[in-house]
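These notes are about the structure you will find just below.
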Amino acid sequence: MALSEFSPTRRELFSMIGKLAGAATMYQAMTSMGFAAESDFRQAINLQGAPAGKTVVILGAGLAGLTAAYELRKAGYIVKVLEYQNRGGGRSITVRGGDRYTEISGDVITCDFADGNYFNPGPWRLPHHHYAILHYCREFGVALEPFIQENHEAYLHSTKHFGGVPQRLGDVKNDMRGYTAQLLAKSLNQHDLDQMVTTEDKEKLLDWLKTWGVLNANYQYAASGTLAMQRHPAVLPGGGLMPRWRSSQPLPMSELLDARFWTTMSMDYNYYSYKHSPPMFQPVGGMGKIGDAFTRECQELIVFNRKVIKIDQNANGVTVYHHNSQNPNAGVEQLHADYCICTIPLSVLSQLDVQVSPAMKEAIAAIPYETSAKVGLEFNRRFWEEDEWIYGGVTYTDMPINQISYPSDRLLSKGPAVLLGCYNFGADSYKFTALNPQQRIEAALVYGARIHPQYSKEFRSGTSWAWHRVSWTLGCYGIWNNTTREKYYNTLCQIDNRIVLAGEHCSDLPAWQEGAILSGIDTAKRLHHKILTT
């Protein structure tokens, strides 16, 4: 099943900025568009003194809504949460064996994974500098474990170079570094940089380049005993009379440049930026454990299976019109409250009748949502560990699946295991989700087998997820750029009389759970302040 190649993405744009203007400029660009900023959470909030009898209705039991609900209830407010689904946690979801979900097309997503196996269709990792979500994990007792982001044993794969043979990430990184060091050393030895460095500094630089780039005595990057300790050897070290180990040959520099692996290595800045710097974490048993914990803490506040169809407000309060989401013919009910925090994704909210200012309506309609698709594949054994020594990490490819991520949990265990067989965005995600659920799995298997031939023999079951085909979100996350953030962001986050919005789309960290939680905290604080001062 063939899908055409992917087109340039925002990630590649950031990569070009970084290479042309430097890391600082790249980080500034990412921050301005809301994709790199560190969380500003420093300590738990402690709201107090809610006026007696004040009521707040919260629309959506995702992390933003439940964070606000949790904190406002502690302050003394009467809180009610209306949730479209039969579960809390929103996009913080984990799919397990026996789960079933229906897409807007009517296609049913099923999962037949073995007991204990799971798939995270939404968020899947927690940076160490996302302080707010780590705070609530600690407070609610959510056990975390390391998430392995970078693994030198994982692959970089190009369909057009090296005969389509995947190359180990560590080898590519070493070769790129080695050739760079070789060229710089040559320039120094040819006196090309004499106007820039002193004689003393030149000697220091040459010594550093020899070590950093693993160069030989002639400042060449070539096979050597030292290099054999840096990249995969041609013959592995042994014992006794086993074959003696020897160095492998570096990849040819010209083909390495033609492959442009640096664009793949820079995807999401997994290897170069603070955004994904180690350590990273994941909840033991799946990302849904975080949503489950928030839901447990707020259980008595939530009414599940409620579809909001209209939101009215006046000087005295807010009225939310809703009905049973599982029964379209059910009668419409009304819920009255003094204030409303709405965390419904803008992709859905823009289609509802919401009584807010024209400026707020314009802002709600202005923010598009990213498309994304994932495919989870279960195999009979961990062949990536047993055959290829890959323990966690991510493989990148120019095929439409974009990524293969290996599980970081239960390493060295036996029996069936799940890897992320596809994670793509934009045009590639549309190509995948134009297929029915079974065809998506088949496509991921065909593409993945070009990297791991064991796919066909070891495959057990699969499932998929397409965020723009999910009725309760209609997209993955809110997309901001410099123009929209300047024009709409403040308006979107303002309290509009008695209604205020929250969610990852109302943060400097769109797409991240941290952004949702910070938005929930900020909204709760500002609403509490308004109530106390008006």
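In this text, residue positions in the sequence shown follow full-length UniProt numbering: the first is 1, and each later residue adds one. Using N, Cα and C, we set each Cβ at its ideal position, and we do this for glycine too. Because the structure is a prediction, the values reported are computed rather than measured.
- Task: Would you mind sorting GLY415 into buried or exposed? The rule is 16 or more other CB atoms within 10 Å of its CB.
- Result: Locating residue 415 in the sequence shown gives position 415, where the first residue counts as 1. GLY415 is exposed by the Cβ-count criterion.
- Item | beta strand (DSSP E) segment containing THR65, residue limits | Sequence index remark: in the sequence shown, residue 65 carries index 65 (1-based). Rather than Thr, the amino acid found at residue 65 in this sequence is Gly. Unbroken run through GLY65 is the alpha helix (DSSP H), 63-75; no beta strand (DSSP E).
- Classify MET30 as buried or exposed, calling it buried when 16 or more other Cβ atoms lie within 10 Å of its own Cβ. Against the sequence shown, residue 30 aligns to sequence position 30. Because MET30 carries a pLDDT of 45, less than 50, the predicted location of this residue cannot be relied on, and the following value inherits that uncertainty. With 16 or more Cβ atoms within 10 Å of its Cβ, MET30 is classed as buried.
- How about LEU352 and ILE309: do their beta carbons lie closer than 8 Å? As a position in the sequence shown, residue 352 is number 352, starting the count at 1. As a position in the sequence shown, residue 309 is number 309, starting the count at 1. Remark: C-beta atoms of LEU352 and ILE309 approach each other more closely than 8 Å.
- Message: Check this for me: beta carbons of PHE459 and PHE383, under 8 Å apart or not?
- Response: The sequence position of residue 459 within the sequence shown is 459, counting from 1. The sequence position of residue 383 within the sequence shown is 383, counting from 1. Contact: no.
- Per-residue DSSP class, three states only, for CYS137: The sequence position of residue 137 within the sequence shown is 137, counting from 1. In the structure shown, CYS137 sits in a helix (DSSP, three-state: H, G or I).
- Task: For VAL354, I'd like the list of residues in its chain whose CB is within less than 6 Å of its CB, leaving aside the five on either flank, ordered along the chain.
- Result: In the sequence shown, the residue the question calls residue 354 occupies position 354. Within the same chain, Cβ atoms closer than 6 Å to the Cβ of VAL354 are found at ILE311, the five residues on either side in sequence being excluded.
- Message: Just list the residues that DSSP pairs LYS307 with in beta bridges.
- Response: Residue 307 sits at position 307 when you count from the first residue of the sequence shown. Looking at the DSSP assignment, LYS307 forms a beta bridge with HIS323.
- Item | ARG440, buried or exposed, once every other Cβ within 10 Å from all chains shown has been counted against 16 | What you label residue 440 is simply residue 440 of the sequence shown in a count that begins at 1. With 16 or more Cβ atoms within 10 Å of its Cβ, ARG440 is classed as buried.
- Quick one: using the 10 Å Cβ neighbour count with 16 as the cut-off for buried, is THR67 buried or exposed? In the sequence shown, the residue the question calls residue 67 occupies position 67. Buried is the label assigned to THR67, since at least 16 other Cβ atoms lie within 10 Å of its Cβ.
- Message: Is any non-hydrogen atom of the ligand GDP found closer than 7 Å to the C-beta of PRO51, if you look at the structure I gave you?
- Response: Although the ligand GDP was asked about, the structure shown includes no ligands whatsoever.
- Query: Can ALA373 and ASN329 be called in contact, C-beta distance under 8 Å?
  - Reply: Taking the sequence shown and counting its residues from 1, one reaches residue 373 at position 373. Taking the sequence shown and counting its residues from 1, one reaches residue 329 at position 329. In this structure, ASN329 does not lie closer than 8 Å to ALA373 by Cβ.
- Is LEU527 closer than 8 Å to ILE499 when the C-beta atoms are compared? Taking the sequence shown and counting its residues from 1, one reaches residue 499 at position 499. Taking the sequence shown and counting its residues from 1, one reaches residue 527 at position 527. The Cβ atoms of ILE499 and LEU527 do not sit closer than 8 Å to each other.
- Task: For LEU377, count neighbouring C-beta atoms within 10 Å of its own C-beta (all shown protein chains included) and say buried if the count is 16 or more, exposed if not.
- Result: In the sequence shown, residue 377 corresponds to position 377, counting from 1. When all chains shown are included, LEU377 counts as buried.
- Message: Please list the terminal residues of the continuous beta strand (DSSP E) segment that includes residue 623.
- Response: Any answer about residue 623 is impossible in this case: the structure gives the chain only from 1 up to 534.
- Query: Using DSSP with H/G/I as helix, E/B as strand and the rest coil, what is ASN46?
  - Reply: For the purposes of this step, residue 46 is identified with residue 46 of the sequence shown, where counting begins at 1. ASN46 falls in the coil class under three-state DSSP.
- Message: Can you list, in chain order, the residues of its chain with a C-beta nearer than 6 Å to that of GLY515? Leave out the 5 residues immediately preceding and following it.
- Response: As a first step, residue 515 is located in the sequence shown; it is residue number 515 there, counting from the start. Within the same chain, GLU504, SER507 and LEU509 come within 6 Å of GLY515 by CB-CB distance, once the 5 residues on both sides are set aside.
- Query: With a cut-off of 8 Å, do at least 3 Cβ pairs link the segment 323-343 to the segment 47-62?
  - Reply: Verdict: yes, contact present.
- Task: For residue 540, count neighbouring Cβ atoms within 10 angstroms of its own Cβ and tell me buried if that reaches 16, exposed if not.
- Result: It is not possible to answer for residue 540, since the shown part of the chain is limited to 1 through 534.
- Task: For THR198, count neighbouring Cβ atoms within 10 angstroms of its own Cβ and tell me buried if that reaches 16, exposed if not.
- Result: Taking the first residue of the sequence shown as position 1, residue 198 is located at position 198. Exposed, since its Cβ has fewer than 16 Cβ neighbours within 10 Å.
- Item | Among ASN46, ARG42 and ILE58, nearest to PHE304 - alpha-carbon criterion | For the purposes of this step, residue 304 is taken as the residue at position 304 of the sequence shown. When each option's Cα is compared against that of PHE304, the closest is ILE58.
- Message: Less than 8 Å between C-beta atoms, sequence neighbours within five positions excluded: which residues of the same chain meet that for LYS530?
- Response: For the purposes of this step, residue 530 is taken as residue 530 along the sequence shown, with counting starting at 1. Within the same chain, Cβ atoms closer than 8 Å to the Cβ of LYS530 are found at ILE495, the five residues on either side in sequence being excluded.
- Between the CA atoms of ASP112 and TRP465 - distance to the nearest angstrom: Mapped onto the sequence shown, residue 465 falls at position 465. Mapped onto the sequence shown, residue 112 falls at position 112. Answer to the nearest angstrom: the Cα atoms are 14 Å apart.
- Task: Report the residue from LEU63, LYS160 and LEU47 whose alpha carbon sits nearest the alpha carbon of ARG296.
- Result: The sequence position of residue 296 within the sequence shown is 296, counting from 1. Closest by alpha carbon: LEU63.
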